[in-house]
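Q:
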Amino acid sequence: MSFAFQVKNFDEYKQAYEKSVADPEQFWSDVAEEFVWRRKWDSVLEWNFTQPDVKWFINGKLNITENCLDRHLAKHGEQPAIIWEPNDPNEQHKVITYNELHFKVNQFANVLKNNGVKKGDRICIYMGMVPELPIAMLACARVGAIHSVIFGGFSAQSISDRLKDAGAEFIITCDGAFRGGKDIALKAIIDDALVACDFVKTVIVYNRTSIPVSMIKGRDVWWHEEIEKVEAQGNPVVHAEEMDAEDPLFILYTSGSTGKPKGVVHSSAGYMVYATYSFVNVFQYQPGDIHFCTADIGWITGHSYIVYSVLCAGGTSLMYEGLPTWPDAGRLWDIVDKHKVNILYTAPTAIRSLMAYGLNPLEGKKLDTLKVLGTVGEPINEEAWHWYDEHIGKKRCPVVDTWWQTETGGIMLSNLAGVTPSKPSYATLPLPGIQPMLVDEQGKEIMGNDVSGNLCIRFPWPSIIRTTYGDHERCRLNYFAAYSNLYFTGDGCYRDAQGNYRITGRVDDVLNVSGHRIGTAEVENAINMHTGVLESAVVGYPHDLKGQGIYAFVIMEQLPEDAQNMRADILQTVNRVIGPIARPDKIQFVTGLPKTRSGKIMRRILRKIAEGEMSAIGDTTTLLDPAVVEDIKNGRV
Ligand code: WT7
Numbered sequence: 043m044s045f046a047f048q049v050k051n052f053d054e055y056k057q058a059y060e061k062s063v064a065d066p067e068q069f070w071s072d073v074a075e076e077f078v079w080r081r082k083w084d085s086v087l088e089w090n091f092t093q094p095d096v097k098w099f100i101n102g103k104l105n106i107t108e109n110c111l112d113r114h115l116a117k118h119g120e121q122p123a124i125i126w127e128p129n130d131p132n133e134q135h136k137v138i139t140y141n142e143l144h145f146k147v148n149q150f151a152n153v154l155k156n157n158g159v160k161k162g163d164r165i166c167i168y169m170g171m172v173p174e175l176p177i178a179m180l181a182c183a184r185v186g187a188i189h190s191v192i193f194g195g196f197s198a199q200s201i202s203d204r205l206k207d208a209g210a211e212f213i214i215t216c217d218g219a220f221r222g223g224k225d226i227a228l229k230a231i232i233d234d235a236l237v238a239c240d241f242v243k244t245v246i247v248y249n250r251t252s253i254p255v256s257m258i259k260g261r262d263v264w265w266h267e268e269i270e271k272v273e274a275q276g277n278p279v280v281h282a283e284e285m286d287a288e289d290p291l292f293i294l295y296t297s298g299s300t301g302k303p304k305g306v307v308h309s310s311a312g313y314m315v316y317a318t319y320s321f322v323n324v325f326q327y328q329p330g331d332i333h334f335c336t337a338d339i340g341w342i343t344g345h346s347y348i349v350y351s352v353l354c355a356g357g358t359s360l361m362y363e364g365l366p367t368w369p370d371a372g373r374l375w376d377i378v379d380k381h382k383v384n385i386l387y388t389a390p391t392a393i394r395s396l397m398a399y400g401l402n403p404l405e406g407k408k409l410d411t412l413k414v415l416g417t418v419g420e421p422i423n424e425e426a427w428h429w430y431d432e433h434i435g436k437k438r439c440p441v442v443d444t445w446w447q448t449e450t451g452g453i454m455l456s457n458l459a460g461v462t463p464s465k466p467s468y469a470t471l472p473l474p475g476i477q478p479m480l481v482d483e484q485g486k487e488i489m490g491n492d493v494s495g496n497l498c499i500r501f502p503w504p505s506i507i508r509t510t511y512g513d514h515e516r517c518r519l520n521y522f523a524a525y526s527n528l529y530f531t532g533d534g535c536y537r538d539a540q541g542n543y544r545i546t547g548r549v550d551d552v553l554n555v556s557g558h559r560i561g562t563a564e565v566e567n568a569i570n571m572h573t574g575v576l577e578s579a580v581v582g583y584p585h586d587l588k589g590q591g592i593y594a595f596v597i598m599e600q601l602p603e604d605a606q607n608m609r610a611d612i613l614q615t616v617n618r619v620i621g622p623i624a625r626p627d628k629i630q631f632v633t634g635l636p637k638t639r640s641g642k643i644m645r646r647i648l649r650k651i652a653e654g655e656m657s658a659i660g661d662t663t664t665l666l667d668p669a670v671v672e673d674i675k676n677g678r679v
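Here the working numbering runs 42 ahead of the position in the sequence shown, where the first position is 1.
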């Protein structure tokens, strides 16, 4: 599809931006007109950031899947909606047209109905990267159920915490997932999670890897058998549920500075409008383009830019199962050539890890269909930016550095491919509708250019977080309480002489490891569960490949005799409690932690030690026991 809201040159960007600030309601109303509604909205926006309470397109009615599927059928029904590339390059890939995707979503919506799913029910999805994952999400949206996708790298304990928080009575999973040379036993992890969750009524299992699975009578059913039942019923048409603009579309859990992940809630209409608006403009999507986002659908990037925006735009979304480095470090480039990919969207951590293999894996790869390259998830260093630009884009393709968050639903700061200028390691300018500002610790606005501060947003955009599931006060405290009347991002930011924004990293106790968000408090809680551990403190340190590595300082009841062994055991506990993504890279056993007289851990000091910047530790006179600092410095691992 093409959209009138696509800006085509710098002047149009400036005009759109100015209009979006001068008259946001008219601006977003014009954008929203380009979607399919059951009923138009009565008014565009009601908001306050104090409670917070934000509503877009009030009393508008729609079903997002009619925008993702039905509206494309008449003209583009035979166009590929999803291209799926399996883990093993020797396995046949799949192409699913809009007609087929519509059919499959309807079929699975029947499965959900047959199993008693109703509007508003929460459904947890824990699957690998198979086409049935977006099919399951869209089927949930079709019947008005709220999906909560959990990334395959989370442990049973993490899953059961999320199931309880969301009150999810339904689970959709796979027997296993292929990831490089591994076969991950997803259903077995779900079985462990469910030991403590007897409120779960139904588990639907898609057969992907054919490993042995335990199927519990009365609870677990096979996806394919449920589909056969629907076929026997004659594939009845499921009427898409009419949703209010503000009805929740999904919950996605993410980490914050407390130990407990929070369920970010996104709305039906605002999310759809902004995700699609940002997709069409940032990547300058053209009808027929093949868009390849390498993220896992378990993260917001996959929700927004593999599933919802690309399908709303009538585009072709390529999703792959597997790893960039398996069977070799040429995997992504082979996929680009095989499927003639036009837009490639990946993470700095992937670029850095592929860079480390040198140029050999690029030999014989054409990459000549590429038009636009994107990055997301963490700051990209200039070296990686230039490598991507030169060796992948051959200096022909604009590189967009897209800054956003799970909570923002879509890209907030980014250059628009070929429309606004790029600057290596800068997310550059705000999208139309986004009003960033920098504030100091007191919340005073920092005006002018060539300045740094904490990044806030002063006006709502359609896909802003609506609440944290089950605990609205937590949403207020996390994002709207630090500075009055502002959304606080948790990021530090520099604005250069020309007004370009450069994200400098988190200013709270949240780590960004390989583009994955992990709370230090979560890792500490996990470590503290290990027998013999008295206390721990976790900080990030610069890591060549991962961006940030995890450094844990641990106090044991007794210093371990075999430190290596104890480290391995603690890692195993973190694995169990959170999952492999949260495993510390370094563990140092210490006898004390640098604390103030009031008992607060001085993380600033620990960060300097972890970074190896011993001389920059600064003042330690306010510490309860300054001597511990010397001990920790001497024992650095
Ligand atoms: C945090 C959000 C948004 C999808 C992936 C991560 C960091 C994200 C960039 C970028 C510098 C970035 C920020 C942000 N971040 N994109 N282009 N440049 N930093 O989503 O898990 O919600 O994490 O990732 O620190 O706050 P997330």
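The beta-carbon is built from N, C-alpha and C at its ideal position, and this holds for glycine as well.
Quick caveat, the model's predicted, so the values are computed rather than measured.
Give the C-beta separation of A274 and F321 to the nearest angstrom, bearing in mind that I take them to be a contact with Cβ-Cβ under 8 Å.
A: 39 Å between Cβ atoms; not a contact.
Q: With ligand 3 as the reference, list in chain order each residue whose Cβ lies under 7 Å from any of its heavy atoms.
A: Among the ligands in the structure shown, ligand 3 does not appear; only ligand 1 can be found there.
Q: Do the region 306 to 314 and the region 258 to 278 touch if we need at least three Cβ pairs shorter than 8 Å?
A: Flag = no, the region 306 to 314 and the region 258 to 278 do not touch.
Q: Mapping the DSSP letters down to three states, classify Q326 as helix, strand or coil.
A: In this structure, Q326 counts as coil in the three-state DSSP scheme.
Q: Per DSSP, what are the beta-bridge partners of D286 in this structure?
A: Bridge partners of D286: K103.
Q: Below 8 Å on the Cβ atoms is my contact criterion, and I expect I385 with V414 to pass it. Report the Cβ-Cβ distance as a whole number of Å.
A: Their Cβ separation, rounded to whole angstroms, is 5 Å, which keeps I385 and V414 in contact under 8 Å.
Q: Helix, strand or coil: which one does DSSP assign to Y468?
A: DSSP places Y468 in coil when its eight states are reduced to three.
Q: Among S640, Q600 and Y140, which has the Cα closest to the Cα of F631?
A: Measuring from the Cα of F631, the nearest candidate turns out to be Q600.
Q: Per DSSP, which one or two residues make a beta bridge with L316?
A: Checking the sequence shown, residue 316 turns out to be Tyr, not Leu. Y316 pairs with nothing; no bridge assigned.
Q: Given this structure, state the Cα-to-Cα distance separating F522 from Q540, to the nearest angstrom.
A: For F522 and Q540, the distance between alpha carbons rounds to 29 Å.
Q: Does DSSP put N90 in a helix, a strand or coil?
A: Of the three classes helix, strand and coil, the one that applies to N90 here is strand, per DSSP.
Q: Going by CA-CA distance only, name the one from G416, K56, T562 and E108 that's closest to R81.
A: Selected option, being the one with the closest Cα: E108.
Q: For T367 and R373, I'd like the C-alpha separation in whole angstroms.
A: Answer to the nearest angstrom: the Cα atoms are 6 Å apart.
Q: Could you spell out the range, first to last residue, of the beta strand (DSSP E) harbouring C335?
A: Run containing C335: I332 to C335, per the beta strand (DSSP E) assignment.
Q: For the alpha helix (DSSP H) that Q149 lies in, which residues bound it at each end?
A: Looking at the DSSP string, the run of the alpha helix (DSSP H) that includes Q149 is Y140 to N156.
Q: Classify I377 as helix, strand or coil using the three-state DSSP reduction.
A: Helix at I377.
Q: Of all the beta strand (DSSP E) runs that stay within the bounds of the region 503 to 559, which reach a length of 3 or more residues?
A: DSSP runs (the beta strand (DSSP E)) wholly in the region 503 to 559: 529 to 537, 543 to 548 and 552 to 555.
Q: In the DSSP assignment, find the beta strand (DSSP E) that holds F631 and state where it starts and stops.
A: From DSSP, the beta strand (DSSP E) with F631 extends over K628 to V632.
Q: How many whole angstroms separate the CB atoms of L228 and G194, which I take to be in contact at a CB cut-off of 8 Å?
A: Contact holds; Cβ gap of about 6 Å.
Q: With 16 as the cutoff for other CB atoms within 10 Å, does L587 come out buried or exposed?
A: Looking at its Cβ environment, which holds fewer than 16 other Cβ atoms inside 10 Å, L587 is exposed.
Q: Express the C-alpha separation of N676 and N527 in angstroms, rounding to a whole number.
A: Taking the straight line from one Cα to the other gives about 46 Å.
Q: Looking at E577 and I597, is the spacing between their C-beta atoms short of 8 Å?
A: A contact, by the Cβ cut-off of 8 Å.
Q: Find the nearest neighbour of T251 within the set Y327, V552, I651 and I226, judged by alpha-carbon distance.
A: It is I226.
Q: Would you decide whether S62 is buried or exposed? Buried here means 16 or more other CB atoms lie within 10 Å of its CB.
A: When all chains shown are included, S62 counts as buried.
Q: Could you check the C-alpha separation between R204 and Y295 for me, to the nearest Å?
A: Rounded to the nearest angstrom, the two C-alpha atoms are 8 Å apart.
Q: Please determine, among P369, P584 and C439, the residue with the shortest C-alpha to C-alpha distance to L409.
A: Measuring from the Cα of L409, the nearest candidate turns out to be C439.
Q: Considering only residues of the same chain and omitting the five flanking positions on each side of N157, which have a CB-CB separation below 6 Å?
A: Excluding sequence neighbours, N157 sits near T244.
Q: With a floor of 4 residues, list each alpha helix (DSSP H) that falls wholly inside the region 551 to 624, ordered by position along the chain.
A: Here the runs fully enclosed are 562 to 570 and 605 to 619.
Q: Return helix, strand or coil for H189, following the three-state DSSP convention.
A: Note: H189 maps to strand in three-state DSSP.
Q: Taking A652 as the reference, which of L665, K637 and V671 has the closest Cα?
A: That would be V671, whose Cα lies nearest to the Cα of A652.
Q: Can you round the beta-carbon distance between A123 and S359 to whole angstroms, since I take them to be within the 8 Å contact cut?
A: That pair is a contact at about 7 Å.
Q: My understanding is that A568 touches A624, with C-beta atoms under 8 Å, so please give their C-beta distance in whole angstroms.
A: Correct: roughly 7 Å between the Cβ atoms.
Q: Note down the Cα distance separating I201 from M169, rounded to an integer number of angstroms.
A: For I201 and M169, the distance between alpha carbons rounds to 12 Å.
Q: Using the Cα positions of N423 and V461, report the straight-line distance between them to the nearest angstrom.
A: Whole-angstrom Cα-Cα distance: 23 Å.
Q: In this structure, does DSSP put S309 in helix, strand or coil?
A: Residue state, collapsed to three classes: strand.
Q: Secondary structure at A398, three-state DSSP: helix, strand or coil?
A: In this structure, A398 counts as coil in the three-state DSSP scheme.
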